[in-house]
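Peer 1: Take 3 as the starting number for the sequence shown in the numbering used here and just add one per residue.
Quick reminder that beta carbons are idealized off the backbone N, C-alpha and C, glycines included.
Below: one structure in structure tokens.
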Amino acid sequence: MGTSNRALHIRLSEESQDRGEGALAISITFTSLAAFSVAARLYTRGALVKKIGPDDWTCLVSLILSLVFMGLFIGGKRLTTSIEWKSALGGHRSEITPEAFKKQVILLWASIPIYNASLFCTKASISLQYHRIFPGSRIRIICYGALVFITLYGLWVVLASFLTCIPVKKFWDDTAEGSCMNRDALWLSTAIVHIITDVILLAMPMPILIRLNLPKRQRVALVLVFALGGFVCITSGLRVESLRQVARADDIVRDNASAASWSAIECNVAIICCSLPTLRPLVTRIFPSIFSNSTCDYGGDSKRNIPFVSRWFASQDSRGVIDQEHAMQSYERKSRDEEDGGDSGVNMGGSKVTESISQEAAPGNYIDRGRSIRPTN
């Protein structure tokens, strides 16, 4: 009988260690990928585009918070002495000492607001990025609204995560006097809001992208790059069930391994998807054949064949500026064609045509120039 119990204990310990090692491997892998994507983003924006904006700094803050989340995930400051997750994260409460259990729950308490802060910073970075690359006033108003909501709701979620229990020590000490919010309701509602905001941010640029005056292949490629944010929605949905298990669990340390894994995936996939649309100049430099030059016809109806942005998202005044800008481009193209012997094709190149998406929106002095220069017959 004693041999059977010992064998069962060994098997449970091995399963616990496997859960802890698997969760840590997932966290390190996805955090490393996120760090690489942000490093590539900052290099692209700083060295190639030579303009790092608020969206880039916000994404960097999100990565730093993700790194902190990973540090809490693997046992915080005890990492230098002993890797506690081998015996605690994913383990049964009966297998670890009361002190180790308490520490793991404290780390869980600290990691929740850090995780949420990282996600909300990523969403803020995406909103700022949309505001930068899409010049239409309507979508910029939507971006401002999204940014205000993300900031205010994010602050509330972070504070609520820290103050889930009053006093806070009741989160890890059931014997302490006080009260706690319903974890299931709090975590589930937060997860649902994350999913809804992910879907909104995913859908926001699509009406613009599908109307871009680009060859179909490049337009589809851009849509697919921005649509990668759909993976964040998927991971958010998959995380919900594991989160509810933790909220209802009697053994919170054992069930936290799965939720922590999905949290690390969601947090870092969001950072990666946020950074990918900014990497076109870098990819073009490394693989120039991928974005080969293409012919884009800027002739025809100026109200339908407008580069960079759909007129629907522009204000009445902005539409006039865009139409003037487009007319100026058509006039300059016609002048060049006459000088070159009448070639009507405009070899803009993929990186030129989508400059406002991969680098910057059309600069203000360019629009001013469009106002002052008028095509003549």
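Quick one: grab the DSSP three-state call for S260.
Peer 2: helix
Peer 1: Rounded to a whole number of angstroms, what is the C-alpha to C-alpha distance between E268 and L278?
Peer 2: Each residue's alpha carbon lies about 16 angstroms from the other.
Peer 1: In whole angstroms, give me the CA-to-CA distance for N2 and A112.
Peer 2: Outside the displayed range of the chain (3 to 379) lies residue 2, so it cannot be described from this structure.
Peer 1: Our contact map puts L204 next to C235 with C-beta atoms below 8 angstroms; I'd like the distance itself, whole angstroms only.
Peer 2: 7 angstroms
Peer 1: Please confirm whether I28 and A261 have their CB atoms less than 8 angstroms apart.
Peer 2: no
Peer 1: Measuring CB to CB, does D58 end up less than 8 angstroms from L44?
Peer 2: yes
Peer 1: When you compare only the Cα positions, how much space is there between V201 and T99?
Peer 2: 43 angstroms
Peer 1: By the three-class DSSP mapping on this structure, what secondary structure does P212 have?
Peer 2: Just to set this straight, residue 212 is Ile in the shown sequence, not Pro. Three-state result, I212: coil.
Peer 1: Does DSSP classify I168 as helix, strand or coil?
Peer 2: Three-state DSSP puts I168 in a strand.
Peer 1: Does the pairing of the stretch 205-225 with the stretch 183-196 give three or more beta-carbon distances under 8 angstroms?
Peer 2: Between the stretch 205-225 and the stretch 183-196, the count of C-beta pairs closer than 8 angstroms stays below three; the two stretches do not touch.
Peer 1: Determine the burial state of L157: buried for a count of at least 16 other Cβ atoms within 10 Å of its Cβ, exposed for fewer.
Peer 2: exposed
Peer 1: Using a Cβ distance threshold of 8 angstroms, determine whether the stretch 129-136 contacts the stretch 145-152, with at least three qualifying pairs required.
Peer 2: yes
Peer 1: Would you identify the three-state DSSP class for S265, choosing helix, strand or coil?
Peer 2: helix
Peer 1: In the DSSP output, what is S181 paired with across the bridge?
Peer 2: I168
Peer 1: Whose C-beta lies closer than 6 angstroms to the C-beta of I116 among residues of the same chain, with five residues either side of it excluded?
Peer 2: L67, V70 and F71
Peer 1: Might you give, ordered along the chain, the residues of its own chain that have their beta carbon closer than 6 angstroms to the beta carbon of R221, omitting 5 neighbours on each side?
Peer 2: L214
Peer 1: Within 10 Å of its beta-carbon, does S263 have 16 or more other beta-carbons around it, so buried, or fewer, so exposed?
Peer 2: buried
Peer 1: Can you name, in chain order, every residue of its own chain whose Cβ lies under 7 angstroms from the Cβ of G180, other than the five neighbours on each side?
Peer 2: C167, I168, P169 and K172
Peer 1: Out of curiosity, what's the CA-to-CA distance linking A272 and G138?
Peer 2: 25 angstroms
Peer 1: Between which two residues does the alpha helix (DSSP H) containing A112 stretch?
Peer 2: Note, A112: alpha helix (DSSP H), P100 to I135.
Peer 1: Kindly provide the ranges of any alpha helix (DSSP H) runs that are 4 or more residues long and lie completely inside the stretch 137-168, ordered along the chain.
Peer 2: 139-164
Peer 1: So what's S291 in DSSP terms, helix, strand or just coil?
Peer 2: coil
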